[in-house]
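What follows is a short report on a single structure.
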DNA sequence: AATTAGCACTCATCGAAATGGAGTGCTAAC
DNA sequence: GTTAGCACTCCATTTCGATGAGTGCTAATT
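Chains as they are written, first to last, in full-length UniProt numbering: chain A, 1 to 341; chain B, 1 to 341.
See the structure below:
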């Protein structure tokens, strides 16, 4: 569909624009080493590319900038994955060499590194418990009326909540129930916990304990309560270094959006694994219609667990970011498996 | 030192400036209801106030704006604490009426509300475990080589870490040690844990278990490892609504600073309780030399636990914010005690 | 003696007009 | 098919004068 020459020119324009953030003229392309045609020829091609919707012109007498469609073509067909530079690789190693003693540390760190290496904003979703299995469940009484419920997954993931023990229920009864739950639920994946509770446990329980229904519903709530994954954000202020967001209002709408965890999770939904690039208006949220979002999932034992992502201007260093995300998501996977091996 | 009239005028200027963010002229003061003098008189007083260092002039033919010293006088002597408005109080009630099942929820929520009600940035430090006592300690094995250590405090605060079990140490031995620790350490304040470990436990342990030293050092690290309080940040993007930060570079240095948890904790250090106001250059960090930080501590059973704070421009609504922080810090205290009562 | 009206002066801000220059589209030559 | 040349467009920047808010000082007023 595009001639070789057109692809070269498109590539050159996008490369230049990513570097300079300013409309690219025919002359400057011609002066690059890799395109050996005269400005006039390039102008003709540029006019064609514009007609195809791959480029646009801010105003009549300006150079061209890539359109969303242009970036899309670039990402799909032209971009070269530089791989991860030695420097960056080394930084990653040293970072991860630090001893971490909970996964929040690993993931949070990953977010920090990502934003530092890219100068964009990184968003990382912690692992979903959904696909993990229950390892241990426990109640620890704090005083007469409240207790801490602790849930441990086979991945070492720990959740805890404070619950209030209803009147008229003894700690003894509670403990009996907890023991039974551990017996029956250990090894059960979280998404099955609810149904197993009802099918296998409800009956058996009613024999042992009074008030068992109250207790059961309480614990059911406790265990199955929505475990929304934690969101780690880093380098949000990097957005302000981008010339496209020097307008405070634009910056504000993006940074405001970044503060709403709900929206961020929404952004990451429906990512079936692998690396995904959403450019400009391809994103659902209006606030980031001038941004691109690149996401990758990281996994443990084949199960996709969570997502890491980079948000930047549409004029983003796609090649570098894609390589980096690719590298890092695998690194996290290795990290996790080494940890739990 | 200041005449009654000067105080009135200073108060009027600061009030106006806080509202408008623009230099205040003599005429506009004179037109307010509360100061009944002619512009000329007010001009004379303004000149005096400037000489005293309480006001300054951006340029010769502009109105006056308060200096740091001016704000300081205002906060110390003039500001009226409006109390918390009905609307705000109602919002606070509804927010806290939501059921929370871990303290992170309560504190995080507090940060959100604060930033929403004030339109400034809120920074909240979670409770330090320092002053709480150990309630329960437990190891849950995940696989052959690693286990999750869970530490519960009497406040319901839960910490967890993943540890790797050294070669040649059996899970049985580990459990013996853990049992002993629970026996001896329950009820001991965290800051004493380390010394108790050495004085009371080390000896006794050596009788029961081999390799006990290895285990002990591991667990000691685990329990006493630096528990730095969590930092909750909310409404950072509100900074961008302030006209003083419409300059992207200024905004960036502030927002960048806000991303560094270490710095934030530093900011909050050495606050002996009560409400504190740091204005402009009174703050140690250069990044917020154009900001004011108001902090308050919240406590539980008389023990000051953590800190809540509001960061805004020096041109901040001191009265409103101080009232609000005062109110909310007490609210959190009530909340916590009701929870654990 | 304190207060105020009057007035000359300062200086940031705003808009209009002038200038410069980067880049295009088109035509004609190679 | 490619390229040199040229007229044209339009943004960005600068310049300049007008505007007006606000001051400081002096002299009049209470």
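All residues carry an ideal CB built from backbone N, CA and C; glycine is no exception.
As the structure is a prediction and not an experimental result, all values here were calculated from the model.
Task: residue 238(A) burial status per 10 Å Cβ neighbour count (16 or more: buried) - done: So residue 238(A) ends up on the buried side.
Task: Same chain, Cβ closer than 7 Å to residue 95(B), five either side skipped, listed in chain order - done: Closer than 7 Å at the Cβ level, and outside the excluded window around residue 95(B), lie 109, 113.
Task: Opposing strand residues paired with residue 303(A) [DSSP bridges] - done: According to DSSP, residue 303(A) bridges with 300(A).
Open item on the list: Please give me, in chain order, every unbroken run of the beta strand (DSSP E) with length at least 3 that falls completely inside the stretch 140–222 of chain B.
Closed with: Segments of the beta strand (DSSP E) lying fully in the stretch 140–222 of chain B: 146–153, 158–164.
Open item on the list: Please tell me whether residue 140(B) has its Cβ less than 8 Å away from any Cβ of chain A.
Closed with: For residue 140(B), the closest Cβ of chain A is nearer than 8 Å.
Open item on the list: Need the endpoints of the alpha helix (DSSP H) that residue 268(A) sits in, please.
Closed with: Here the alpha helix (DSSP H) through residue 268(A) covers 261–268.
Task: CB contact below 8 Å: residue 178(A) versus chain B - done: So no, residue 178(A) is outside the interface.
Task: Proximity test, Cβ basis, 8 Å: residue 84(B) and chain A - done: No, because no Cβ of chain A sits closer than 8 Å to the Cβ of residue 84(B).
Open item on the list: Looking only at its chain, what residues have a beta carbon closer than 7 Å to the beta carbon of residue 202(B), apart from the 5 residues adjacent to it on each side?
Closed with: 216.
Task: Among 9(B), 17(B), 54(B), nearest to residue 33(B) - alpha-carbon criterion - done: Ranking 9(B), 17(B), 54(B) by CA distance to the CA of residue 33(B) puts 9(B) first.
Task: Cβ of residue 219(A) within 8 Å of any chain B Cβ - done: Chain B, which has no Cβ nearer than 8 Å to the Cβ of residue 219(A), makes this no.
Open item on the list: If we define contact as Cβ-Cβ less than 8 Å, is residue 310(A) a contact residue for chain B?
Closed with: Judged by the 8 Å Cβ criterion, residue 310(A) is not in contact with chain B.
Task: Helix, strand or coil at residue 245(A) according to DSSP, with G and I counted as helix - done: Reduced to three states, the DSSP call for residue 245(A) is helix.
Open item on the list: By alpha-carbon positions, which one of 24(A), 69(A), 85(A), 30(A) ends up nearest to residue 321(A)?
Closed with: Closest by alpha carbon: 85(A).
- [ ] Would you kindly report the start and end of the unbroken beta strand (DSSP E) that includes residue 234(A)?
- [x] Element bounds for residue 234(A): 231–234.
Open item on the list: Buried or exposed for residue 206(A), going by 16 or more other Cβ atoms inside 10 Å?
Closed with: Burial call: exposed.
- [ ] Could you pull out every unbroken alpha helix (DSSP H) segment of at least 4 residues lying fully inside the stretch 12–49 of chain A, listed in chain order?
- [x] Entirely contained in the stretch 12–49 of chain A, the alpha helix (DSSP H) runs reaching 4 residues are, in chain order, 26–31.
- [ ] Work out the CA separation of residue 189(B) and residue 89(A) for me, nearest whole Å.
- [x] Separation of residue 89(A) and residue 189(B) (C-alpha to C-alpha, rounded to the nearest whole angstrom) is 43 Å.
Task: Bridge-paired residues (DSSP) for residue 137(B) - done: 151(B), per the DSSP bridge assignment.
Open item on the list: Quick check on residue 124(B): does DSSP put it in helix, strand or coil?
Closed with: Collapsing the DSSP output to three states places residue 124(B) in a strand.
- [ ] With a 10 Å radius around its C-beta and 16 neighbouring C-beta atoms as the bar for buried, classify residue 143(B) as buried or exposed.
- [x] It counts as exposed.
TODO: Report the three-state DSSP secondary structure of residue 280(B) (helix, strand or coil).
DONE: In this structure, residue 280(B) counts as helix in the three-state DSSP scheme.
- [ ] For residue 240(B), go through chain A and note every residue whose CB falls closer than 7 Å to its CB, in chain order.
- [x] In chain order: 248, 251, 252, 255.
- [ ] Measure the alpha-carbon distance for residue 337(A) versus residue 67(A) and round it to whole angstroms.
- [x] Going by C-alpha positions, residue 337(A) is about 42 Å away from residue 67(A).
Open item on the list: I want to verify the contact list: residues of chain A whose CB lies under 7 Å from the CB of residue 231(B), in sequence order.
Closed with: Going along chain A, no residue has its Cβ under 7 Å from residue 231(B), so there is no contact; the nearest lies around 12 Å.
Open item on the list: Taking 8 Å as the cut-off, does the stretch 114–134 of chain B touch the stretch 121–140 of chain A (at least 3 CB pairs, one atom from each stretch)?
Closed with: Taking 8 Å as the limit for Cβ pairs, the verdict is that the stretch 114–134 of chain B does not touch the stretch 121–140 of chain A.
- [ ] Flag residue 276(A) as yes if its beta-carbon sits less than 8 Å from any beta-carbon of chain B, otherwise no.
- [x] With 8 Å as the cut-off, residue 276(A) does not count as an interface residue toward chain B.
Task: Distance between residue 287(A) and residue 47(A) (C-alpha atoms, nearest Å) - done: If you take the alpha carbons of residue 47(A) and residue 287(A), they lie about 31 Å apart.
Task: Proximal chain A residues relative to residue 332(B), where beta-carbon distance stays under 7 Å - done: Within chain A, not a single residue places a beta-carbon under 7 Å from that of residue 332(B); the smallest gap is close to 15 Å.
TODO: Could you tell me whether the Cβ atoms of residue 264(A) and residue 293(A) are closer together than 8 Å?
DONE: No. Outside cutoff.
TODO: Give every residue of the same chain whose Cβ lies closer than 6 Å to the Cβ of residue 16(B), excluding the five residues on either side of it in the sequence, and list them in chain order.
DONE: Correct list, in chain order: 24.
TODO: Would you list, in chain order, the members of the stretch 23–45 of chain A that have their beta-carbon closer than 9 Å to a beta-carbon of chain B?
DONE: Those residues of the stretch 23–45 of chain A that come within reach of chain B (Cβ to Cβ, closer than 9 Å) do not exist; the list is empty.
TODO: Quick one: grab the DSSP three-state call for residue 315(A).
DONE: If DSSP states are grouped into helix, strand and coil, residue 315(A) belongs with coil.
Open item on the list: Does any residue of chain A have a CB that is nearer than 8 Å to the CB of residue 228(B)?
Closed with: Closer than 8 Å: no.
- [ ] Under 8 Å between beta-carbons, which chain A residues line up against residue 259(B)? List them in chain order, please.
- [x] Neighbours of residue 259(B) on chain A, chain order: 234, 235, 236, 237.
Open item on the list: At the level of alpha carbons, what is the spacing between residue 56(A) and residue 62(A)?
Closed with: One C-alpha to the other measures close to 10 Å.
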